[in-house]
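In our numbering, the protein residues as written are 1 to 492.
Before any comments, here is the structure.
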RNA sequence: GGCGACGUGGCCGAGUGGCUAGGCACGGGUCUGCAAAACCCGCUACACCGGUUCAAUUCCGGUCGUCGCCUCCA
C-alpha cells in the first residue's frame, strides 16, 4: 500500500519495520474535559487503519496514549477544588466510555503518562547526558539549538520561529524555543520525585517516552491531528532522536481538522461539540460513516446535516444486509403472516430458481463477478493512502447491484449468502460491522402489534392498521409489507 | 511575514490528460389499501485567466477566494 508521510510530504510505499508486524502510535487526548468530535477523528482513523492492516495479514500493535498530567488538568482541578488526579481519572474514564460506544474496540495499549514517570525521567536523563537538555532551577529544558534538524517536520525555520516564541513568567530558558521536559513543582501542585527535585513531566515528553517503550526506535506510523505537527510532534522528534540518535518514526500520519459552520472547532469560539452529545443523538455507525466519507487528511465540514445524511447511508446498508440475510434464509427478520399459514416471505428457492421459475445460474455467476470486481476496487482504494470514501462507494455499488438482483428475483439463497459474507468483510475493515447486524430481538409487544395489524389488513380495517403502524413507529420499529407477509425493522 | 492545504453539479464528497465516482436531496415511473424498502429513468460539475497538448476538470504559470499551522489545541 501507499501511505502519505507528512515528513516527506508525499505518498510512499508502506513497508513495515518488521516483516509481519505493523507498529502504530496515535496521540490520544489530554483528559481535562469530555473529548469532542475532533478527538474522535484520529481515534476512528487509527482503528480503521489497524483493521485494514490486519485484513492484509499483518499483526498490528496500536498504542494510543492518555495524557493525564498537564497544566490544563491542574487548572481545572484548582477551579473545581479537586485533585488533578481526580479530574484526570474522571475524564480518562469518560474518554474510554465515549470511544467504546463507537464499537471499534480499543487500542492495544493505552498508556497513562503518570504510570510512566520513570520512563520519562530515564529519557530526560539520556537527553541531559547527550547535551540536548539543561537544568535551570528545578526545571529541565530541551536545548533546541543542540538539535540541528529541529523544524524538519513542520518545515519551520528556527530563525523565523524565534520571533513568535513566548516565554512564560517564571521560566528560565536559555532560548525562547526551548521547551520544558520537566517542570519543578510549585506549592500545591502534583509532583513526582526526580533527580531534579519534585515535579512533573512537560507536555511532549510522555509521548516520546511511551512510544519508544512500547514500539521501539523507528516504529512504523505515528499519527494525530494536523495541529499536533508543531510543536508537539516536532518536539517528540527532537526528544526521541536527540536521545537515541536514530530515526524515531517511519511514517507521520496526520488527519485534517473538523470545521463547524465554516470555522475550526475551538473552545474560544464556543463551538465545540462533544463526542458524547453526538452519540446521544446519532448511531455510532453514522458518525463513523461521516468520517469515512471524506479522506482522512482533508479538513471536513461537520454539521447536523452531514450526520443526518450519514444516517440515511447507514440505513441503506442495513437494508441491503437485511434483505440479503432474508434471501439467504438465515435471519428471522421476516415474519410469515399468521393468516396465511403456508406463505413464505419471498421464497428464494434453494434449488437455484427464481420465484418465476427461471434459472438464475447465469446471472448468479455474473453478479458474483461484479462483487469480486468491486472488492478489488475496494482494496485498491484502501491501498491508496486509505481512501475510505472511494472504498465506501464500492460498497454502495455492491448494495445497488444486490438490491437490483434481489428485485429482479435473480438471487438464490446461496449467492445471497456469499454476497453477504463478502460484504461483511468489507464493512468490518471500515469499522461498520453494526450495519450487518440483524434486528436482534423485536420486543413481544411490538411483534404482537404487528401481527394484529396484519389481521386488521386482512379484514380491510385499514384505519386500525394504520394506527398500529404509527404506534409501532413510536416504539422505534417500522413495519414493511412484503408479498405474503411483513417485516419488522428497527429504526433506531 | 514563513509553512501547508484547498476551491468539483442543489448539498456532502472521491477521482482522472480523452472512458459512470458514491451518498443525500429533487423530478418522473414501477411496486403498493396506505406507507416503507427497493428498482428503473432524469438532473452531470469541475473558481477565473493564460499556457503546454491532437485533447485539460486533471499538467504549468498567474489572478481571485477559503482554510489550517507558526501560541494551548485531535
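C-beta: ideal position from N, C-alpha, C; glycine also.
Run of the alpha helix (DSSP H) containing residue 53, from where it starts to where it stops: As a working mapping, residue 53 is identified with position 53 in the first chain. Start and end: 37-55.
Excluding the five sequence neighbours on either side, which residues of its own chain have a C-beta within less than 8 Å of the C-beta of residue 200, listed in chain order? Within the first chain, residue 200 is the residue found at index 200, counting from 1. 69, 182, 183, 185, 189, 190, 191, 192, listed in sequence order.
Runs of alpha helix (DSSP H) lying entirely within the region 366-433, each at least 4 residues, in chain order: 388-407, 413-429
By a C-beta neighbour count over all protein chains shown, 10 Å radius and 16 as the cutoff for buried, is residue 206 buried or exposed? Here residue 206 corresponds to residue number 206 of the first chain, with the count starting at 1. Per the 10 Å Cβ criterion, buried.
Spatially closest choice to residue 210 from 5, 117, 132, 220, by CA coordinates: Here the question's residue 210 lines up with position 210 in the first chain. Cα-wise, what sits closest to residue 210 is 117.
Determine the closest residue to residue 411 out of 367, 425, 380, 392, with distance taken between C-alpha atoms. Here residue 411 corresponds to residue number 411 of the first chain, with the count starting at 1. Per the Cα distances, 367.
Neighbourhood of residue 220 by C-beta distance below 7 Å, restricted to the same chain and skipping five residues each side: Start at 1 with the first residue of the first chain, and residue 220 comes out as number 220. Excluding sequence neighbours, residue 220 sits near 16, 17, 22, 23, 24, 250, 251.
Check the C-beta distance from residue 479 over to residue 469 and give it rounded, since I have them as a contact under 8 Å. As a position in the first chain, residue 479 is number 479, starting the count at 1. As a position in the first chain, residue 469 is number 469, starting the count at 1. Indeed they touch by this definition, with Cβ atoms about 6 Å apart.
Just reading off the beta strand (DSSP E) that residue 133 is part of, what are its end residues? For the purposes of this step, residue 133 is identified with residue 133 of the first chain, where counting begins at 1. Taken as a continuous stretch (DSSP letters only), the beta strand (DSSP E) holding residue 133 covers 133-136.
Between residue 10 and the rest of its own chain, which residues show a CB-CB distance below 8 Å, the 5 nearest in sequence each way excluded? Working through the first chain from its first residue, we reach residue 10 at position 10. 4, listed in sequence order.
Alpha carbon to alpha carbon, how far is residue 398 from residue 112? Give it in angstroms, no decimals. As a first step, residue 112 must be located in the first chain, where it is residue number 112. As a first step, residue 398 must be located in the first chain, where it is residue number 398. Rounded to the nearest angstrom, the two C-alpha atoms are 43 Å apart.
Are the beta-carbon atoms of residue 52 and residue 429 separated by less than 8 Å? Reading the first chain from its first residue, position 52 is the one you call residue 52. Reading the first chain from its first residue, position 429 is the one you call residue 429. Yes; because the gap between Cβ atoms is below 8 Å, this pair is in contact.
Decide if residue 425 is buried, meaning its Cβ has at least 16 other Cβ atoms within 10 Å, or exposed. Mapped onto the first chain, residue 425 falls at position 425. Result: exposed.
Inter-residue Cα distance where the pair is residue 40 and residue 149: Residue numbering aside, residue 40 sits at position 40 when the first chain is read from its first letter. Residue numbering aside, residue 149 sits at position 149 when the first chain is read from its first letter. Spanning the two alpha carbons is a distance of roughly 32 Å.
Could you check whether residue 242 and residue 179 sit closer than 8 Å to each other, using their CB atoms as the reference points? Reading the first chain from its first residue, position 179 is the one you call residue 179. Reading the first chain from its first residue, position 242 is the one you call residue 242. For residue 179 and residue 242, no; Cβs fall outside 8 Å.
On the CB-based measure, 16 or more other CB atoms within 10 Å of its CB, does residue 143 come out buried or exposed? In the first chain, counting from the first residue as 1, residue 143 sits at position 143. It is buried - the Cβ of residue 143 has at least 16 other Cβ atoms within 10 Å.
Would the beta-carbon of residue 279 fall within 8 Å of that of residue 98? The sequence position of residue 279 within the first chain is 279, counting from 1. The sequence position of residue 98 within the first chain is 98, counting from 1. Contact flag set, yes.
Under 8 Å between the Cβ atoms of residue 105 and residue 47? Your numbering for residue 105 matches position 105 in the first chain. Your numbering for residue 47 matches position 47 in the first chain. Contact flag set, yes.
Checking 8 Å against the spacing of the C-beta atoms, do residue 107 and residue 64 come in under that value? As a working note, residue 107 is residue 107 in the first chain. As a working note, residue 64 is residue 64 in the first chain. Against a cut-off of 8 Å, the Cβ pair of residue 64 and residue 107 comes out as a contact.
Start-to-end residues for the beta strand (DSSP E) that takes in residue 83: Translated into the one-based positions of the first chain, residue 83 becomes position 83. Here residue 83 belongs to no beta strand (DSSP E), and DSSP marks it neither H nor E.
As assigned by DSSP and simplified to three states, the class of residue 274: Residue 274 sits at position 274 when you count from the first residue of the first chain. Residue state, collapsed to three classes: strand.
Would you mind stating whether residue 442 and residue 288 have Cβ atoms separated by less than 8 Å? By one-based count along the first chain, residue 442 stands at place 442. By one-based count along the first chain, residue 288 stands at place 288. Contact: no.
Sub-8 Å separation of residue 110 and residue 28 beta-carbons: On the first chain, residue 110 is found 110 positions in, with the first residue counted as 1. On the first chain, residue 28 is found 28 positions in, with the first residue counted as 1. Yes, the Cβ-Cβ distance between residue 110 and residue 28 is below 8 Å.
Rounding to the nearest angstrom, what Cα-Cα distance links residue 489 and residue 255 in this structure? The count along the first chain starts at 1 and reaches residue 489 at position 489. The count along the first chain starts at 1 and reaches residue 255 at position 255. Distance between the alpha carbons of residue 489 and residue 255: 36 Å.
Expected contact under 8 Å - CB spacing of residue 230 and residue 154 to nearest Å: Along the first chain, read from residue 1 onward, the residue named residue 230 stands at position 230. Along the first chain, read from residue 1 onward, the residue named residue 154 stands at position 154. So it is a contact: roughly 4 Å between Cβ atoms.
Enclosing beta strand (DSSP E) for residue 13 [first to last residue]: As a first step, residue 13 must be located in the first chain, where it is residue number 13. 10-13 is the extent of the beta strand (DSSP E) around residue 13.
Please report the Cβ distance between residue 314 and residue 435, rounded to the nearest whole angstrom; I am assuming they are in contact, meaning their Cβ atoms lie under 8 Å. Locating residue 314 in the first chain gives position 314, where the first residue counts as 1. Locating residue 435 in the first chain gives position 435, where the first residue counts as 1. Contact holds; Cβ gap of about 6 Å.
For residue 21, which of helix, strand or coil comes out of DSSP? Along the first chain, one-based indexing puts residue 21 at 21. If DSSP states are grouped into helix, strand and coil, residue 21 belongs with the strands.
With DSSP run on the structure shown, which of helix, strand or coil describes residue 489? Working through the first chain from its first residue, we reach residue 489 at position 489. Here residue 489 sits in strand by DSSP.
Give the single residue among 140, 218, 377 whose Cα lies nearest to the Cα of residue 198. Here residue 198 is taken as the residue at index 198 of the first chain, counted from 1. Comparing Cα positions, the closest option is 140.
Check residue 161 in the structure and name its three-state DSSP category. Counting from 1 along the first chain, the entry for residue 161 is found at position 161. Residue 161 falls in the helix class under three-state DSSP.
Got a sec, what are the start and stop residues for the beta strand (DSSP E) residue 221 sits in? The residue labelled residue 221 in the question sits at position 221 within the first chain. 219-225 is the span of the beta strand (DSSP E), which, as asked, contains residue 221.
Among residues of its own chain, excluding the 5 on either side of residue 259, which ones have a beta-carbon nearer than 8 Å to its beta-carbon? By one-based count along the first chain, residue 259 stands at place 259. Cβ within range, chain order: 265, 299, 300, 301, 302.
By how many angstroms is the C-alpha of residue 119 removed from the C-alpha of residue 33? In the first chain, residue 33 corresponds to position 33, counting from 1. In the first chain, residue 119 corresponds to position 119, counting from 1. About 26 Å.
Spatial neighbours of residue 283 within its chain, please: C-beta separation below 8 Å, excluding the five flanking residues on both sides. As a first step, residue 283 must be located in the first chain, where it is residue number 283. Once the five neighbours on either side are set aside, the close Cβ partners of residue 283 are 311, 314, 434, 492.
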